[in-house]
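Counted from 1, the sequence shown has number 13 at position 13 by the numbering used here; the numbering is strictly sequential.
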Amino acid sequence: MGRTWWIYFVNLAQAFVTLATNDSYARGAMVLGKSLRNHNTSKKLVVLVGPQVSNPCQSVLKNIFDEVKVVDVLDSGDAAHLAMMKRPDLGVTFTKLQCWTLTHYSKCVFMDADTLALSNIDELFEREELSAAPDPGWPDCFNSGVFVFRPSVETHGKLLQYCTEHGSFDGGDQGVLNGFFSDWATADISKHLPFIYNLSSIAIYTYLPAFKQYGGNAKVLHFLGKTKPWSYTFDRKTRQISGGVQEPAMHPSFLLNWWTLYASTVVPMLQEHYGDKPFH
Ligand code: UDP
Ligand code: MN
């Protein structure tokens, strides 16, 4: 009798991944997670949190995400720790790069905590590493607010090494990732995500007619820049948004999208976990 070989097809799950190192970005992550759930994603949701994220916020994140992983570059294994010691300025970047260590997933889509899904975007998982949309400021670079990647300890190690040797030309993760995946602009057009998967308000004042033509098809909003939606205040009764730093205008309807979701679904969860304590 011959030997029976069982072939196991290890069908690893796929996940959307985000990052929040503090309670402000955690609020962004909550809204992002809710937006993906509301559009019935079939993928897992993962959030990497820094140790500074408060317990109530971590509890709310646990209600929305399948996995809440506390990450700290200072005790995350020798390579990351050493890299951090050499380049302390890149702290948040090293934390973001830890998404490559999520090897219990076969493929992931990273999304900044200041992004918001407007429809189901599971089709992004048909793309390969490293797929991303052009950066509106320099379109030969990709914007690292939304990107498709394959978790791999090997790639993670190479990224850390790249980081310590070359640093980041813009001081953040986008500079590192564009340096590392430097053939993105020219090698394979299928790795260029349409701009509607990472739409920022910048397009309104750089190319208004295109924004009017295509903006309505947006699938992901990205509130990039200094002023984040949570920097504003929102009056639930009048649905008025005020405050914030008056930067070149963040599109009011984009802000309203974020605040409507935040006020209707996240605030009740925060209230539950904070009790009577203020959480703003
Ligand atoms: N981030 C964080 N804490 C910080 C800064 C950034 O957790 O103090 C994470 C968060 O996921 C954020 C991403 O890193 O969305 C990139 O930063 P940001 O969105 O502020 O950069 P921008 O898109 O404005 O260039
Ligand atoms: Mn961002």
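From the three backbone atoms N, C-alpha and C, an ideal C-beta is built for every residue, glycine too. Fair warning: this is a prediction, and the values are worked out from it, not measured in the lab.
- With contacts defined as CB atoms closer than 8 Å, Arg37 and Val266 fail to qualify as a contacting pair.
- If you look at Lys44, you'll find it in the beta strand (DSSP E) that goes Lys44 to Val49.
- The region 209-261 is shown to contain whole beta strand (DSSP E) runs of 3 or more residues at 220-222, 232-235 and 240-243, in chain order.
- Met85 is classed as exposed because its beta carbon has fewer than 16 other beta carbons within 10 Å across all chains shown.
- In the structure shown, Leu19 adopts extended strand secondary structure according to DSSP, grouped into three states.
- For Pro151, the closest of Leu116, Thr103, Met250 and Thr164 by C-alpha to C-alpha distance is Thr103.
- Secondary structure remark: continuous beta strand (DSSP E) runs of at least 3 residues inside the region 48-88, in chain order: 67-70.
- Distances from the CB of Leu130 to the heavy atoms of the ligand MN are all 7 Å or more.
- Taking Asn40 as the centre and dropping the five residues before and after it, the same chain places the C-beta of Asn120 closer than 7 Å to its C-beta, in chain order.
- Non-local beta-carbon contacts of Ala210 in its own chain, meaning distances under 8 Å to residues more than five positions away in sequence, involve Ala203 in chain order.
- Beta-carbon to beta-carbon, Ile241 and Ala218 are separated by about 19 Å, too far to satisfy the 8 Å threshold.
- With 16 or more neighbouring CB atoms inside 10 Å of its own CB, Ala29 falls in the buried class.
- Within the DSSP bridge table, the entry for Lys107 names Gln14 as partners.
- Within its own chain, the residues whose Cβ lies closer than 7 Å to the Cβ of Phe181, once the five positions on either side in sequence are excluded, are Leu130, listed in chain order.
- Taking C-alpha positions only, His192 is separated from Gly275 by approximately 45 Å.
- A straight line joining the alpha-carbon of Glu128 with that of Phe149 spans about 7 Å.
- Pairing Pro88 with Lys237, the inter-Cα distance amounts to about 44 Å.
- By the Cβ neighbour-count rule, Ser168 is buried, with 16 or more other Cβ atoms within 10 Å of its own.
- The continuous stretches of alpha helix (DSSP H) do not include Pro134, which lies in the beta strand (DSSP E) extending over residues Ser131 to Pro134.
- Look at Thr41 here: in three-state DSSP terms it is coil, with no helix or strand label.
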